[in-house]
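See structure below.
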Amino acid sequence: MDFKLTEDDLELKQMARELADRRIYPRAMEFDEKEITPKDLIEECAELGYFGFVVPEEYGGLGFGTTSFVGVLEEISAASAGFGIMLSVHNSLTCEIVNQFGSEVLKKKYLPQMATGERIGAYCVTEPNAGTDVASLATTAEDKGDHYLINGTKAFVTSAIYAGVLIVFAKTDPEGGHKGISCFVVEPDWEGVTIGAAEKKCGIKASDTREINFQDVKVPKENLLGEIGKGFGMALTILNLGRIGVSVQSVGIAQAALEEAIKYSKERKQFGKSISKFQAIQFKIAEMATRIDAGRLLAYRAAQLKDAGEPCSREASMAKLFCSKTANYVVNEALQIHGGYGYIKEYPVERYFRDARVTEIYEGTTEVQQMVIARDLLKD
Ligand SMILES: Cc1cc2nc3c(=O)[nH]c(=O)nc-3n(C[C@H](O)[C@H](O)[C@H](O)COP(=O)(O)OP(=O)(O)OC[C@H]3O[C@@H](n4cnc5c(N)ncnc54)[C@H](O)[C@@H]3O)c2cc1C
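Okay, so the sequence shown: first residue is 7 according to our numbering, each after it adds one.
What follows is the structure in structure tokens.
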């Protein structure tokens, strides 16, 4: 495969880098401390079309492919991984699922407002007792003739407080295991939806994470997304794109940490010279940069396969597995290069160290990626 980005994609990436350097990076520590993504930044990015990246033009989006999107997401995540995951979940999971599986009625009803950022998407799969084991989810959607009635609790919902659209997975056949899961578009201001308190997290603090409770929430029949009982397969299909998103988020964090480490190693003097002159530091930098490049190639390969309409489940999992581990390796080494200063908040590497950790957890843990890859390799 040819991994070169097109001129247009490079230009989009460069524009995102400029925006990130000017508007996001200088305020990223403030977002982290206040645990918010500010409205003005959301609005600015919405005006640039960042909330409608993968939404077709006929529904008001930019209609770009995954490869164009991931270049931008990498740059935004390098400046603020917390804001990056909002864009990733919104585009890769929620807009994409409505676009791929929604009826014409649902697409017309929601995509135009999602594309402009008026309705930010949140993805509600995980429950307090159903994480990796998605098939065991306990939220139910009962068919009441002219509507469905949803009851249950979702955990760890990214962007819950900002959301205007909730993509909710629930059992329409509680005895049916994974074949009993269906998917619905729910609006957060409908009666019976309660958004919980913000989770206090270790990292990506600019991202909002909450529980959402659904009690006797009436959902119109037309808000069933895709076919009844097909929700599990839809969740897996959509997760491919989500995993590519987390891969480039990881690459972004790692790249930012590498750049800080290089800068610091040139400035910091010990034994009368810059620590960058020591081979021990040079070897760390070489190893960090090499792993980042390898991760970026895996992520962009998966994105290109997705755009070509080819199967990319194994490649998306390989990218997520490698990039998230790389991010954690790189931030650890970057912090080490900073010595004691890496451990205090004055230097951004402390934030990267906290932000990287979650990339091995959400959208399928490291162990899940290994399972997906091994299953694919070992199938008959
Ligand atoms: C900040 C944050 C944001 C999130 N955002 C969202 C969101 O927007 N929407 C959403 O639906 N979810 C979201 N999640 C949830 C996330 O996807 C889950 O946390 C993740 O899937 C793991 O589920 P769990 O936490 O219940 O862990 P568990 O499934 O309980 O796993 C615990 C450990 O056991 C391992 N394990 C489990 N099963 C197996 C197995 N069969 N073989 C080997 N090892 C196994 C896991 O890998 C893990 O190490 C978010 C989580 C976080 C932390």
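Just so it is clear, CB atoms sit at the ideal spot from N, CA and C, and this is done for glycine as well.
Small disclaimer: the values here were computed from a predicted structure and weren't measured.
For residue 101, the three-state secondary structure derived from DSSP is helix. Within the region 91-170, the complete alpha helix (DSSP H) segments at least 4 residues long are 102-107, 110-121, listed from N- to C-terminus. Burial is judged here by how many other beta carbons sit within 10 angstroms of a residue's own beta carbon; residue 111 has fewer than 16 and is exposed. Contact holds between the region 225-239 and the region 144-160, because three or more Cβ pairs, one in each stretch, are under 8 angstroms apart. Residue range 215-226 is occupied by the beta strand (DSSP E) that includes residue 222, with no alpha helix (DSSP H) assigned at that position. Burial is judged here by how many other beta carbons sit within 10 angstroms of a residue's own beta carbon; residue 103 has at least 16 and is buried. Beta-bridge analysis with DSSP links residue 280 to 275. Every candidate beta strand (DSSP E) stretch fails here, since none sits fully inside the region 34-68 while reaching 3 residues.
Excluding its 5 nearest sequence neighbours in each direction, residue 30 has C-beta neighbours in its own chain below 8 angstroms: 47, 82, 85, 86, 89, listed in chain order.
Distance from the CA of residue 252 to the CA of residue 366, rounded to the nearest whole angstrom, comes to 9 angstroms. Along the region 260-342, the alpha helix (DSSP H) occurs as fully enclosed runs of 4 or more residues at 285-313, listed in sequence order. In the DSSP assignment, residue 250 is bridged to no other residue. Membership of residue 83 in the alpha helix (DSSP H) is indicated by the continuous run 72-85. Put simply, the backbone Cα of residue 133 is about 24 angstroms away from that of residue 319. Distance from the CA atom of residue 278 to the CA atom of residue 336, rounded to whole angstroms, is 27 angstroms. Apart from the 5 residues on each side of it in sequence, residue 235 sits with its Cβ closer than 8 angstroms to the Cβ of 178, 179, 182, 185, 186, 187, 188 in its chain, given in chain order. Residue pairing from DSSP places residue 199 in a beta bridge opposite 220. No Cβ-Cβ contact shorter than 9 angstroms links residue 294 with residue 362. Here the distance from the Cβ of residue 120 to the nearest heavy atom of ligand 1 is not below 8 angstroms. According to DSSP, residue 190 shares a beta bridge with 174, 230. By a beta-carbon distance limit of 8 angstroms, residue 160 contacts residue 145. Their separation comes to about 7 angstroms. Residue pairing by DSSP places residue 204 opposite 216 in a beta bridge. At the C-beta level, residue 73 and residue 299 stay beyond 9 angstroms of one another.
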